[in-house]
Structure formats: C-alpha cells, structure tokens
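Following: one structure in structure tokens, then a few remarks.
2 protein chains.
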Amino acid sequence: MTVTSVSGFFASGVTCGIKHSGDSDLALVTHADGVPITATGVFTSNKMTAAPVQICKEYLSTTGGQAAAVILNSGNANAATGEKGKNDARAMAQSVAEHLGCKTEEVLVCSTGWIGYPLPIEKIKKGIPELVESLDSAGGLNAAKAIMTTDTVPKTVEIRKETFTVGGIAKGAAMLEPNMATMLAVLTTDAEIDAPTATKMLQEAVSGSFNCLTVDGAESTNDTVLLLASGESGPTNKEELAEALKEACAALAIQMADDAEGSTKTVFLSVTGAATDAEALKGARDTANCQLVKCSWYGEDPYWGRIAAEMGAADIAFDPETITISYGGQVVYAHGEAQSVDKKLLKEHMAGRQIKLGVDLGQGSGTAQVVTTDLSHAYIDENMRTS
Amino acid sequence: MTVTSVSGFFASGVTCGIKHSGDSDLALVTHADGVPITATGVFTSNKMTAAPVQICKEYLSTTGGQAAAVILNSGNANAATGEKGKNDARAMAQSVAEHLGCKTEEVLVCSTGWIGYPLPIEKIKKGIPELVESLDSAGGLNAAKAIMTTDTVPKTVEIRKETFTVGGIAKGAAMLEPNMATMLAVLTTDAEIDAPTATKMLQEAVSGSFNCLTVDGAESTNDTVLLLASGESGPTNKEELAEALKEACAALAIQMADDAEGSTKTVFLSVTGAATDAEALKGARDTANCQLVKCSWYGEDPYWGRIAAEMGAADIAFDPETITISYGGQVVYAHGEAQSVDKKLLKEHMAGRQIKLGVDLGQGSGTAQVVTTDLSHAYIDENMRTS
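Here the protein sequences come in this chain order: F and C. Under the numbering used here, residues 450 to 836 are what the first sequence spells out, in order. Under the numbering used here, residues 450 to 836 are what the second sequence spells out, in order.
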C-alpha cells in the first residue's frame, strides 16, 4: 500500500536526530539500486521557495526528467536558509548518490518542518549509510512514517491496474501548521511513460486533488509531489495511467484532510452553476477558507447565511435569488429565502465526520470541488506558538 | 463625542423587542425635526446585499443626496429576506417620515444582526413613536448603544475643527461574526458640502480607515457608512473637512478593532517597498487574514516564517532575499535569514495589546496599512454556533 507496492522500488526510514522527539526523520525511496528512470515533479507556486524545491527543479532540468532516488527529511524545511540551504540540499543528494552509485542530480530532495533554521546537515549525512542499508522492498511504510510531522498517521496509497501499479506515500496537508509546513508526496509506478507526458499527467492529477485540498488557504514553501516511473511493466495505456495517478492523488489528499491538524470535520464543498469553472473555484476556495464558515462547521451548524455572504463577496457572478445551498443533499436556502428542512436528518449529517456542502449559483455551467476542514480550538492550540 | 456633538442633530435609542436580551435595539438620528440636508453613503460591495442597503441606495438616488434622518435597528440584518425585506425597510422609513413630517425617501435605513430571518417589522413600528419622542440633542450615546450587537462598548467620535464639527457613532467591525454581522457608522457634520463632493470625500475616508480594517477578510451584507451634512456652520474649507472625515473614520475603525470579537490583540500591519500600492495592500490583506499568522499573534509569537511565506504566496513581486520583517521596530528577518534580536524587548512588545508589524518587500515604493486582530479560542466560541 506504499511506494514499495510497485516492484523494483525500495524504501527506508531511519532516525538521524533532526526531531527532538527521537521519531524517525529521514526517508529514502529508490529505484532498484540506483538505476535512473523517468521522473517528474509538481512544486509549490509560493515565491518563498525552499532550497530542496529549487534543487529538485534544477536536477530535473539537468537530467531531462530522470531520477534514481528521492531523499526526504522531516523536522526542518530547509526554507529561508539562503545559499547554505541550497548547498545542504545538494549535499544530501550527493551523499545518497555516492552510496547508490548514481549521479548527484539523479537524487531528488524533499524537506519538511520548521522554516528558517539551518538544516542539521551533519546529522543527515551521518544517517545516510544506515538509511541506504535499510532499503527494503517492503520499506515504504517506514519511509511514510519518517516524513510525518504533525501527521498522526502515515499516508499511503496503492492503485492496481491490469498492467501496472501506482504506489505512493505522503505527509501533511498543505500548511496545516506554519512551521511543520508542507505537503509532500512521492508516487512510484512500473508503468512506461516519457517525462513530458508524465509531467502533464501529474499536473492534472495534482490539480484535481491536492490543489483542491485547502485547509487554511496557505501554500507552503516546500509543497512537492514527485513521480518515478520505471517502465518495467511494459507498454502502458496512457489514459489508464492518467486515471490511476488521479485516483492515487485523490486518495492521499483525502487522507490529509481527514488527518488535518485540529480538524474534526472533512468538508466536501461542491460549487455548480457558476459562470465559469474558474469562478466556481474562486467561490469554493473563498468559502472554504473563510474562518467564520469553518467555525460553523466545527459547531455543526448548517447556517447558510455566511456561505451566501462569502459567495456574494467572492467577486464572481452572483445573484441572491438564484443561489441554492444544501447540506447533505438537503436544500437549506433557495429563491432568496431559508427553506424548511428535516431537522433531524440535517443534524445527523452535520454531526458526522464528513460534511457535504453543495452550492449552486444558478449562473451558468461552471463547477468546482474542494475538500477542506473545520476550525477548532485544537487548531489554535497547535498553531499559537512555535517555541 | 457622538452624532449629537454637532449642533442641530438629535438622536435616540430605545428597546422595541428585536433582541431577546431586552437591550435597546432601535436608534434614530435626525437633523432638526426632519429638515433634509446633504447626505451620502458608502456601502458594502458584497453582492449579497441586504434590503436596507438597497433601499438607502435607491433613496439617495431619488433625492439626489438628501436626507433628514437615519433609522437603525440591531438584532436582525434584514438580509436574504427577499421582497418582504425591501418592503420592511421601506416601512421603517415611511413610519419615521410620518412622525417627522418629511418624505419617506428622506429617511435612510440601516439594519444589523442575524441574516436570513424576516424583520419583526411590527415590533419596530410599535417602537417608533417612543423613538421619535426620545429624540434629544444629547441622545447620541443612546443611539450608539442601540446599534450594538456583539460590541462590548459603544463606538463614538467627535472631531472639532475651527469652523465645524464632525460627530459619529458606529458598531462592530466588518464581519466579526457571521450572524450579528456588519459594520455600521453614521457621521454628522455642520460643515457645508454638496452631495457629490461629500460622496467623494466619504469614499476616501472609508478607503483609508474601515477598508483597511480586516478582522477575518469577510465583508458583510450590510456594511454601511452614512454622512449627514447640515451646512449650518457656513462655508467650509474642503480640505479641512476631508481631513476631519478621515480622522473620524480612523478613530471609529480602531475602536472596532480594539473591540473585535474574541480578539486579544490589535495588529497594525504596515507594508512598504512593494512594487505598487495595490501589491502592498494585497500582501497586507492576505497576511492579515491568514489564520495561521493570526494564531501566532494570539500566542504572542514573533515568528516571521509564516509572514514571509504569506507574502511569497500573495502573487506579488517578491524575493526572499530582499524582504525585511520587523515586530515593534525590531528586525527579525532580513537578507534571507533570521536576525538576532533583543528577546526581552521583543517579548514585551508581543505581550502588549497592540502589535506593530512591519514588512518591507524591497521591490519598489508601494505601501499599505491594515489594522487587524488575532484569532483566539473566544473567536471560535462566539462563532461556532448560531443557535
């Protein structure tokens, strides 16, 4: 159920001492013993880009979309760390490359954790021999555990198709927390695909999953999704692979929402009837990120007034008379007025772990879906202090 | 120190029974006994516009910028109430007009409170005779109290210039709370000004004050700022009046921030060095509305990582190497790295009621200022349930 669900891939996770807790904090995913294969990545659009993101982009450009391994650390994001940060990221790749016998630029690098503190590169270097020795064809779960920050459970996925498999590990929903920031995911597959096509497919899969996941509207300095494709299963149906990547990303995104810091609800917000898809997404994101609305979900309150007011403020085509709002399929607001509802059913729906909120704007055929969370006391507790 | 600080204006506040608490909930501000004078307003840009906002705009258009009175109720926003809502708003104006002997369209209407519930118009109508009888040249504070919702103190202002006075009352910061929504302000002056010039001046004053106040990024269905100008002090220096209106609006805006629901900090965020003023404002607003950043203020944590990451994500010209971040005048981050600080001084600053946060983007000469608040447990408590 992880990156090592795909034959030919190995992984490991060890403790090198970045985290004060003593939990594992260094992970490695490799293809065979360092044989480069097709690789691509989708990265944060935040201009405050962490060093490992810059290095990944540089290496993928140098190799033209090839990699043999991904090294990941948790506990420190290596972000806002200047030139030293980039050298440290390169040093991580170089050390792994020496052990595996591949080129430095064939090793991709991800970091997650505190922003603005120098990476303890010596600890990482010391941990790499054990990390490489621990590589195992069943090591995916150890890798998934070693990239956890404030996650309470490791996130993993496996999608089996007739001719190939996609596996994956991930951590954290985007910017659940300011310092243990970042969403990271590594996907592996034995499907056969060239780098440009893989890039396009991965972008589409991310766009329909992780990019629809919004916990607090923030995008991290380190957000990274990587894909390694070995081609060892032979010729691959491209549509089937695109579909499998979407399924894998969606499964990981929902695991992230369910495990979002301090959240008690996972909310699936569907906007239909917008003038355009872009307007649907704007309205959906604004509403999902509104802290007043988030509070009402925490309180299991199906009050529609704030939903309508957010949509009205979203600078999209909007008419209070044409908007329809539903919770759990029950229409609570339509034709400019509150609607009568089955209160018991509605209460039951709001009390569940998953809330389904539908908004039809009655303006056109634009649609969008986002997955988000509520805003709880625990969220504040976890985010009010960094030290 | 209120709307009745200006001679020629009268005000009152009474209990008509909209609020279950029994607190006063109906207010009236009039010029003399209903003699129309110059009037203008600035209203919410939310497309989910409440009935009283629609009626105010209609009346000001009909009269060409004249009004004799403003009636305001709290406890019910008369928003999302369809055609009945508009009829109810008109009925409020009509009833006051009959008592004062002016035209219906010379009475402006404001409502604040719950969204989506029919206005109890009969209670309001029954309260109007007492409301008119209570009009007093010292009644401004009663009016200010009667428009409070979740405010803990009435908000009032008086700006005395050599030849004229500006007085005002206000309630609530914009969308402090989803159901008791709305920022309302009524300003009075004896300065002489025509309606088009008054409109321009009021827009500028609002833009530099209330519109720089962001508590949670939401804009209410009912936000309204009204100005009544009698001209009784004779010819007025226009620049001086513009200045006085700015001062009055700024004073009310800061009172709102200080009294924002569940807030423990008022944060003055100044962005300089942006490519343009618009980019400075975008960065400032995104940062001020980021719930992670707000949590850190609540925790009195001067951590700059999230500030930098928000600016980096704001889709404005940004370079992690040129951004400088300071708290209370102390630089905490510059040249891409954390800076050493006087920890004791910094701790003292963060522990105060007011926090001063400075961000210089090092990109150009664009600037912006916003006033905002932290995000506390109490905010969630007050917003998690509406019933």
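Backbone N, C-alpha and C define an ideal beta-carbon position, used for all residues, glycine too.
About 25 Å separates the CB atoms of A488(F) and G524(F); that is not less than 8 Å, and the two are not in contact. In this structure, L636(F) lies near L694(F), with their beta-carbon atoms less than 8 Å apart.
Of I520(F), G531(F), I618(F), the smallest CA-CA separation from T553(F) is found for I520(F).
Residue burial annotation: R734(C) is buried, with at least 16 other C-beta atoms found within 10 angstroms of its C-beta. Boundaries for N522(F): no alpha helix (DSSP H) harbours it, while the beta strand (DSSP E) harbouring it runs 518–525, taken from the DSSP string.
If you draw a straight line from the Cα of V808(C) to the Cα of Y508(F), it is about 33 Å long.
Listed along the chain, the chain C residues whose CB falls inside 8 Å of the CB of M705(F) amount to none; the nearest CB is some 16 Å away. Two segments are said to touch when three or more pairs of C-beta atoms, one from each, lie closer than 8 Å; by this definition the segment 810–826 of chain F touches the segment 718–727 of chain F. At a cut-off of 8 Å between beta-carbon atoms, E681(C) makes no contact with chain F. For C559(F), there is no enclosing alpha helix (DSSP H); the residue is part of the beta strand (DSSP E) that begins and ends at 556–563. For A762(F), the closest Cβ of chain C is nearer than 8 Å. Judged by beta-carbon spacing, N527(C) lies beyond the 8 Å limit of L741(F), meaning their Cβ atoms are not closer than that value. If you check each beta-carbon in the segment 484–496 of chain C against every beta-carbon of chain F, the ones closer than 9 Å belong to T493, S494, N495, K496.
Taking 8 Å as the cut-off, the beta carbon of A691(F) is found no closer than this to the beta carbon of L662(F). Secondary structure note for K805(F): it is in no alpha helix (DSSP H), and the uninterrupted beta strand (DSSP E) holding it is 803–809. When the five nearest sequence neighbours on each side are left out, the beta carbons in the same chain lying within less than 7 Å of the beta carbon of V491(F) are those of L651, Q652, V655, V674, in order along the chain. Ranked by Cα distance from D474(F), the options V790(F), L584(F), K594(F) are led by K594(F). Counting along the chain, E507(C) sits inside the alpha helix (DSSP H) bounded by residues 500–512. With the criterion set as a beta carbon lying under 7 Å from some beta carbon of chain C, the members of the segment 554–570 of chain F are I564, G565, in sequence order.
Using a Cβ-Cβ cut-off of 8 Å, P501(F) is close to nothing in chain C; its nearest Cβ partner there is about 14 Å away. Boundaries cannot be given for E611(C), as no alpha helix (DSSP H) includes it and DSSP labels it neither H nor E. DSSP places Y776(C) in the uninterrupted beta strand (DSSP E) bounded by 773–776. The C-beta distance from T670(F) to T530(F) rounds to 10 Å, too long to fall under 8 Å, and the pair is not in contact. Between the beta-carbon of L677(C) and that of L580(C) there is about 17 Å, and that puts the pair past the 8 Å contact cut. Of the other Cβ atoms in all chains shown, 16 or more fall within 10 Å of the Cβ of K604(F); this residue is therefore buried. DSSP lists F458(C) as the beta-bridge partner residues of H480(C). At a C-beta separation below 7 Å, P769(F) has these neighbours in chain C: M497, A529.
G683(C) counts as exposed, since fewer than 16 other C-beta atoms from the protein chains shown sit within 10 angstroms of its C-beta. Using a Cβ-Cβ cut-off of 8 Å, E728(C) does not count as an interface residue toward chain F, since no Cβ of chain F sits closer than that to its own.
For Q652(F), no beta strand (DSSP E) run applies; the uninterrupted alpha helix (DSSP H) run containing it begins and ends at 644–656, by DSSP. Close CB contacts of A724(F) within its chain, under the 8 Å cut and outside five residues either way in sequence, are with I765, A766, L810, Q812, G813, G815 (chain order). The alpha-carbon separation between I504(F) and Y782(C) amounts to approximately 23 Å. Burial check for K731(C): the Cβ neighbour count within 10 Å reaches 16 or more, so the residue is buried.
Distance from the Cα of A647(C) is smallest, within the candidate group A619(C), T631(C), N660(C), V615(C), for V615(C). In the DSSP assignment, L677(F) falls within the beta strand (DSSP E) that extends over 673–678. Assignment of K714(C) by DSSP, reduced to helix, strand and coil, places it in the coil class.
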